[in-house]
Amino acid sequence: MPADAGLVVKAVASIRWDATEYTATAGDIKVFLANDDSVKHVLVIRQGDKVVGDLELAVTKKGTVDEGTINLEAGAYSVYCIVPGHGGMNSSLTVS
Ligand SMILES: [Cu+2]
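Following the working numbering, the numbering of the sequence shown begins with 58 at its first residue and continues without gaps.
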């Protein structure tokens with residue numbers, strides 16, 4: 058994981074993220090995604106049910122990682138997986 062990662066998310070078994078609540082600091086946020094699950098996941102950041110920015114991180118199988126940067130103002134967001142059937146991967150992200 059990069060030392061300057063501002064948000065670290067791991068996909069874990071049973072199509073879940075590793076936490077139900079994440080936090081980050083407003084501004085440019087380096088997001089790091091790791092896959093500890095056996096299926097593909099694609100992470101986006103949403104506000105309500107709308108995708109924010111153009112960050113899209115994909116991990117295809119166990120052990121793969123991806124990273125990218127998104128600029129977020131303070132507010133309430135969610136860490137969401139857009140793979141069909143993965144709607145339960147919807148954890149809160151509080152940016153302050
Ligand atoms: Cu997923």
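C-beta atoms are modelled at their ideal positions from N, C-alpha and C, and glycine is treated no differently.
Sub-8 Å separation of residue i and residue j beta-carbons
i	j	result
ASN92	VAL65	no
THR124	PRO59	The residue asked about is misnamed: residue 124 is Glu in this sequence, not Thr. Closer than 8 Å, so yes.
Whole-angstrom C-beta distance between residue j and residue i, which should lie under 8 Å
i	j	result
SER148	THR77	5 Å
VAL122	LEU90	6 Å
SER95	LYS67	With 8 Å as the limit, SER95 and LYS67 do not qualify as a contact, their Cβ atoms being about 13 Å apart.
Cα-Cα separation, residue i to residue j
i	j	result
VAL69	GLY63	19 Å
TRP74	SER153	21 Å
VAL108	SER135	9 Å
MET146	GLY132	19 Å
GLY120	GLY105	30 Å
Delimiting residues of the beta strand (DSSP E) encompassing residue i
i	result
SER149	147-152
THR64	This sequence places Leu at residue 64; Thr is not what is there. Looking at the DSSP string, the run of the beta strand (DSSP E) that includes LEU64 is 64-69.
ALA81	78-81
LYS87	84-92
### Task
Examine the Cβ distances between the stretch 75-85 and the stretch 94-106 and report whether three or more of them are shorter than 8 Å.
no
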